[in-house]
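Numbering (this note's numbering), first residue to last: 419 to 807. Down below is the structure, laid out as C-alpha cells.
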C-alpha cells in the first residue's frame, strides 16, 4: 500500500472527526427544548348526582267535609313532605294513585283539612249517585228551574230542602193604562231533589248569577210552574227545620198512597181546597184540564173585571104639537041658517117637519182583560268588599 494513500485516508478520517465534533458542539444534533406554558390545575369538580324524585300525593286544596262530592277544584298533585315519606313508603297502596282525576266524584267519609294527602280509607266506596226517579215521591214529577241567587236565598238552598215557589209579574188591563206588580204562591212545599244539573252533592260556590234546581211537585203544579215562568219571574223561599220534618213525614206517608202528595201542596185533602186540588191533578193527568191565565187569576187573587154598562139608546127629537082645530059658530037669521063663522087659532109661522136621522146603534165598550208582563230584571248587586271590618 502506498504511503500517499494512507496519508489521504488519515486526513479524511481527521476531517470527518472534526466535522462530527463541530456538529456536536454547534447544537444541530441537540435542538433547544420547546418552551411550555405551565398548566395551573383548577378546582376539582365533582359530578352531582340528582336526587331521586319525591313521590307524588293527591292532596286537598281546601277543607273538605264528609258527604260532599270532590270536584276538580278540590284536589291537586304535590310532592310528599318529609314527614309523610315514611308512611307513604310503608303503605303505598293505602294512598290514591298519583292522578288528580283519581279523586273526582269521590265522597269523603270524614272531614279533611286543607293540604291533607287523601287515602283510600278516607273515601266512600265508588258508586254512582241514586237516580233521579228514585228521589221522586209517588204521584210527583220533576221539573228544572233556573233561579237568580237573590231570588233563591243567595243560592244556599240544598238538596233535600223544601221550598215555596212564587211568581212575580206586572199585571195590566186593556181598559186601564197602568201596571201593578203582583206576587203569588205557585207551589207550596216543593222538594229540591237535585241541584246544578247533577246528581252529585257539590259544595262550592258558582260564579253564575243563576242556580239550577230540580224540584218535585204534583203534575198540576209542575205545569203551573211551566206557565208561570213564561209570564213572570220565579223565586224560591226555603221552609224552616220544623216544617221540613213535617213534610218529610208526609213524603214517607205518600210512598204507599200517592194522594197524600196532594197534602204537600194544600195541607189537607179533606177541605174544599184539598178536594179542588185533587180534582185538578186528576183532570190534568187525564188530559181534560189545561193550565193558563185562569189559574194565574186564582193564585194572584185577581177579581173578574166587571162588564161595562151598555150605551144609552139614541135620542130622537119629539114632533111639534098639532095645531088646535078652528072654532066654528053657526049663524041663524030668524029661521034661516047662514054660513058659519069660523075662528081659527092665531096664525103662526109654519114649522118644517123634523128630519130624523137614523143612527147606528152604539158599539158597547169592550170588556177589559188582564195582561201579564215579566218585570225588568234588576242589575246585579255589588259584591261586598273583603278585608274590612
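Note that beta-carbon positions come from the ideal geometry of N, C-alpha and C, so glycine has one too.
{"query": "Local Cβ density within 10 Å of residue 587, reported as buried at 16 or more and exposed below that", "result": "buried"}
{"query": "Candidates 619, 647 and 609: closest to residue 668 by CA position", "result": "609"}
{"query": "Burial state of residue 631 (16 or more Cβ within 10 Å)", "result": "buried"}
{"query": "Cβ pair residue 535, residue 477 closer than 8 Å", "result": "yes"}
{"query": "Inter-residue spacing [alpha-carbon to alpha-carbon] between residue 656 and residue 616", "result": "20 Å"}
{"query": "Under the three-state DSSP convention, the category residue 466 falls into", "result": "coil"}
{"query": "Whether residue 498 touches residue 472 by CB criterion (8 Å)", "result": "yes"}
{"query": "Boundaries of the beta strand (DSSP E) in which residue 595 is found, first to last residue", "result": "594-613"}
{"query": "Where residue 749 falls, given that 16 or more other Cβ within 10 Å makes a residue buried", "result": "exposed"}
{"query": "Of the residues 435, 556, 468 and 548, the one placed nearest residue 675, counting alpha carbons only", "result": "556"}
{"query": "Under the three-state DSSP convention, the category residue 748 falls into", "result": "coil"}
{"query": "Euclidean distance between Cα positions of residue 705 and residue 638", "result": "11 Å"}
{"query": "Where residue 511 falls: helix, strand or coil (DSSP)", "result": "helix"}
{"query": "For residue 478, three-class secondary structure by DSSP", "result": "strand"}
{"query": "Three-state secondary structure assigned by DSSP to residue 363", "result": "Nothing can be reported for residue 363, as the shown portion of the chain is limited to 419 through 807."}
{"query": "Residue 599 versus 606, 605, 590 and 607, residue with shortest Cα-Cα distance", "result": "590"}
{"query": "Separation of residue 480 from residue 805, as counted between CA atoms", "result": "Note that residue 805 scores 38 on pLDDT, short of 50, meaning its location in the model is unreliable; the coordinates nonetheless yield the value given after this. If I take the Cα positions, the gap works out to 20 Å."}
{"query": "Residue closest to residue 743, alpha-carbon to alpha-carbon, out of 620, 694, 761 and 731", "result": "761"}
{"query": "Option in 649, 494 and 672 with minimal Cα separation from residue 601", "result": "649"}
{"query": "Exposure of residue 553, with buried meaning 16 or more beta-carbon neighbours within 10 Å", "result": "buried"}
{"query": "CB-CB length for residue 603 against residue 488, believed under 8 Å", "result": "Between residue 488 and residue 603 the Cβ distance is about 38 Å, and since that is not below 8 Å, they are no contact."}
{"query": "Neighbourhood of residue 702 by C-beta, 6 Å cutoff - its chain only, sequence neighbours within 5 removed", "result": "637 and 638"}
{"query": "Range of the contiguous alpha helix (DSSP H) that encloses residue 637", "result": "637-649"}
{"query": "Residue from 560, 786 and 690 with nearest C-alpha to residue 726", "result": "786"}
{"query": "Other residues of its chain near residue 789: CB distance less than 6 Å, five sequence neighbours each side excluded", "result": "590"}
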